[in-house]
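Written out below as structure tokens is the structure these notes cover.
Protein chains: 2
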Amino acid sequence: MKSISRKTIDRALLYIRALENLLKEKRDKISSLELADITGSSDVQIRKDISFFGKVGTPRIGYETKKLKDILENFILQNNVVHIALFGVGNLGKAILKYPGFQTDKIKLVAAFDKAKSKLLKEINGIKIYPVERSVELIKKVHAEIGIIAVPPRSSQEVADIMVKAGLKGIINFAPSCISVPKNTFVKNIDFSIEILSIFSHTQFQK
Amino acid sequence: MKSISRKTIDRALLYIRALENLLKEKRDKISSLELADITGSSDVQIRKDISFFGKVGTPRIGYETKKLKDILENFILQNNVVHIALFGVGNLGKAILKYPGFQTDKIKLVAAFDKAKSKLLKEINGIKIYPVERSVELIKKVHAEIGIIAVPPRSSQEVADIMVKAGLKGIINFAPSCISVPKNTFVKNIDFSIEILSIFSHTQFQK
DNA sequence: TATTAATCGTTACTAATTTCACGATTTGCT
DNA sequence: AGCAAATCGTGAAATTAGTAACGATTAATA
Ligand SMILES: NC(=O)c1ccc[n+]([C@@H]2O[C@H](COP(=O)([O-])OP(=O)(O)OC[C@H]3O[C@@H](n4cnc5c(N)ncnc54)[C@H](O)[C@@H]3O)[C@@H](O)[C@H]2O)c1
Ligand SMILES: NC(=O)c1ccc[n+]([C@@H]2O[C@H](COP(=O)([O-])OP(=O)(O)OC[C@H]3O[C@@H](n4cnc5c(N)ncnc54)[C@H](O)[C@@H]3O)[C@@H](O)[C@H]2O)c1
Chain L
1 MKSISRKTID RALLYIRALE NLLKEKRDKI SSLELADITG SSDVQIRKDI SFFGKVGTPR
61 IGYETKKLKD ILENFILQNN VVHIALFGVG NLGKAILKYP GFQTDKIKLV AAFDKAKSKL
121 LKEINGIKIY PVERSVELIK KVHAEIGIIA VPPRSSQEVA DIMVKAGLKG IINFAPSCIS
181 VPKNTFVKNI DFSIEILSIF SHTQFQK
Chain U
1001 MKSISRKTID RALLYIRALE NLLKEKRDKI SSLELADITG SSDVQIRKDI SFFGKVGTPR
1061 IGYETKKLKD ILENFILQNN VVHIALFGVG NLGKAILKYP GFQTDKIKLV AAFDKAKSKL
1121 LKEINGIKIY PVERSVELIK KVHAEIGIIA VPPRSSQEVA DIMVKAGLKG IINFAPSCIS
1181 VPKNTFVKNI DFSIEILSIF SHTQFQK
């Protein structure tokens, strides 16, 4: 059996989000063409992606919204709740702590850490902020899986090392810096400036 | 002549960032192998990417840091300064306004807009916050090229429409929603939740 | 000046991804 | 029941991306 590709997973997550919105609007059926229209993909791509999960749709009708969402979710997320640990409670970190998208049935931000003593007094959105020294211990205790780096770039490697030590298996790095980690740890860099420059040059080089 | 690929551009932007850091450390030479190590790419990939720009390196030595950076920058950014307009000055928008990475010689955040009257009094990081009603006029005046959506998802399409009307050619959408725009407008969605779920499932399905 | 070792640049190869084309299936209609 | 229309599912073709192999080039050194 062929294993699912990274790209299919990422698109499926987008489909899931779209299907959730459709369910809220009480749309109980959806065709690949409509879903393509919503998500900005193509209908063939969507059918191909979904075909990985078996024969889910019915010709002439399309897909049952709820059924499709459940199948994608069950396969990809497997009823897991993802627990996040945040490092750095500055401008960006504070926004992240307040983000309702990180307190859902799928994702829970469970721990926040900062180096500065001045940040430790507070509690934001019900989440206490702890000193970095306690991070390894606490991350293990709450079984977080994913870490977010929201510290200045010069500290990002230091934080990455702690995350690895604490057993986090995935890292999102918002600092404009490269970090090195063991091969079995996954890093996703999100550099706002590079995103801006990328989209700008895309507009320049469009054929 | 073959045109440059999107992926090469995106990696080149990463190389540029790394080269800038190397220059700060007064490293005036760099090999493809070292650059690969820093950026997490492979040496072949780097040489292949760079070969698009001509014969830049010298065998046995590697690349001159400054020369390589200049060549990449001149081709990809062409001395342009990218001007950004921000919509939504909430938790995330405020962090973005305070982000020093958006006030550099390459990128300048030049305008911010919000719907809520309560947000309009302030000025953050030297940038005034204007009512949405004035946005089309002001964006045209300051010649912004790229827009950032940091409003709630239900308002994202409304904002996208304004951006298109104002002539913005690229959009970064932080709202967890799909927006539809004309084909010549480029959209990059950055959905934090999807990034988290993506990296999590990546750790699950790693071979 | 010949030799050696390192590193680039390029061509050929392989793998992954997307697109195409079209048969198969199902429903609604007459 | 038979037919038409819509839509799915899929193998094959086309495209794109990445990897490997290796000759060419250069600087350092004996
Ligand atoms: N502000 C933004 O909108 C924005 C956007 C994109 C990227 N970023 C990046 O995200 C990171 C954070 O940005 P910010 O604006 O919140 O910065 P900030 O300076 O406001 O906050 C950084 C926080 O990290 C803490 N910190 C520093 N070293 C630490 C360590 N070793 N361990 C734990 N905490 C530590 C500091 O005490 C501070 O609270 C930076 O790398 C920045 O470049 C920020
Ligand atoms: N807070 C985060 O860390 C975070 C992370 C990822 C994504 N997001 C997304 O980014 C967006 C903003 O998040 P936030 O936490 O800053 O929300 P927020 O509620 O704090 O701020 C939203 C701001 O948008 C303004 N607004 C609403 N409608 C508008 C319109 N039509 N035009 C202009 N301004 C308008 C509101 O007045 C408010 O100031 C949301 O879509 C959210 O899902 C936020």
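Taken in order, these protein sequences are the chains called L and U. Taking our numbering as reference, the numbering of the first sequence is continuous, increasing by one, and the terminal residue is 207. Taking our numbering as reference, the numbering of the second sequence is continuous, increasing by one, and the terminal residue is 1207. Here a beta-carbon is modelled for each residue, glycine too, at the ideal position from N, C-alpha and C.
Below 7 Å, is the gap between the Cβ of valine 1082 of chain U and the nearest heavy atom of ligand 1?
no
Cβ of leucine 1176 of chain U less than 8 Å from any chain L Cβ?
The sequence shown places proline at residue 1176 of chain U, not leucine. At least one chain L Cβ lies under 8 Å of proline 1176 of chain U.
Own chain partners of serine 135 of chain L with C-beta closer than 8 Å, once the 5 adjacent residues on each side are dropped:
Ala85, Phe87, Ala111, Phe113, Ile162 and Ala166
Give the DSSP-derived three-state secondary structure of threonine 208 of chain L in the structure shown.
A question about residue 208 of chain L goes unanswered here, because the residues of chain L that appear run from 1 up to 207.
Does the distance between the C-beta of glutamate 961 of chain U and the nearest non-hydrogen atom of ligand 2 fall short of 7 Å?
The structure shown has nothing for residue 961 of chain U, since chain U only spans 1001 to 1207.
Neighbourhood of alanine 1012 of chain U by C-beta distance below 7 Å, restricted to the same chain and skipping five residues each side
Asp1049, Leu1072 and Ile1076
Please list, in chain order, all residues with a C-beta atom less than 6 Å from at least one heavy atom of ligand 1.
L/Phe87, L/Gly88, L/Val89, L/Gly90, L/Asn91, L/Leu92, L/Gly93, L/Phe113, L/Asp114, L/Lys115, L/Ala116, L/Lys119, L/Val132, L/Ala150, L/Val151, L/Pro152, L/Pro153, L/Ser155, L/Glu158, L/Val159, L/Phe174, L/Ala175, L/Pro176, L/Phe192, U/Ala1095, U/Ile1096, U/Lys1098, U/Tyr1099 and U/Gly1101
Given the structure, does aspartate 43 of chain L come close to ligand 4, in the sense that its CB is under 7 Å from one of the ligand's heavy atoms?
Ligands present in the displayed structure are limited to ligand 1 and ligand 2, and ligand 4 is not among them.
Report the residue from U/Val1142, U/Glu1145, U/Ala1036 and U/Pro1176 whose alpha carbon sits nearest the alpha carbon of arginine 1154 of chain U.
U/Pro1176
Which residues of chain U have a Cβ atom closer than 9 Å to the Cβ of aspartate 28 of chain L, listed in chain order?
Those within 9 Å of aspartate 28 of chain L in chain U number zero; the least Cβ separation is about 20 Å.
Assigned exposure category for aspartate 191 of chain L - 16 Cβ within 10 Å defines buried
buried
In three-state terms, what does DSSP make of threonine 1065 of chain U?
helix
Determine the contact status of isoleucine 194 of chain L and arginine 1017 of chain U, defining contact as a CB-CB distance below 8 Å.
yes
With a threshold of 8 Å between beta carbons, is glycine 170 of chain L in contact with chain U?
yes
Can you give the Cα-Cα distance for tyrosine 1063 of chain U and glutamate 1020 of chain U, rounded to whole angstroms?
14 Å
Chain L residues whose Cβ lies nearer than 7 Å to that of threonine 1039 of chain U
Cys178
Chain U within 8 Å of aspartate 10 of chain L, Cβ atoms only
yes
Is isoleucine 127 of chain L close to chain U, meaning its C-beta is less than 8 Å from at least one C-beta of that chain?
no
Excluding sequence positions up to five away, which residues of its chain have a Cβ less than 8 Å from the Cβ of lysine 171 of chain L?
The question names lysine, but residue 171 of chain L in the sequence shown is isoleucine. Closer than 8 Å at the Cβ level, and outside the excluded window around isoleucine 171 of chain L, lie Ile146, Gly147, Ile148, Ile149, Ala160, Met163, Ile179, Val181, Thr185, Phe186, Val187 and Lys188.
Segment limits, beta strand (DSSP E) that includes isoleucine 1004 of chain U
Careful: isoleucine 1004 of chain U lies outside any beta strand (DSSP E) and carries neither H nor E.
In chain order, what residues of the same chain lie with their CB nearer than 6 Å to the CB of lysine 115 of chain L, ignoring the 5 residues before and after it?
Val132
Is glycine 126 of chain L buried or exposed, if buried means 16 or more other CB atoms sit within 10 Å of its CB?
exposed
Residues that leucine 109 of chain L bridges to, as DSSP identifies them
L/Ile84
Contacts of leucine 197 of chain L in chain U (Cβ-Cβ under 8 Å):
Leu1013, Ile1076, Leu1077, Val1082, Lys1106 and Ile1107
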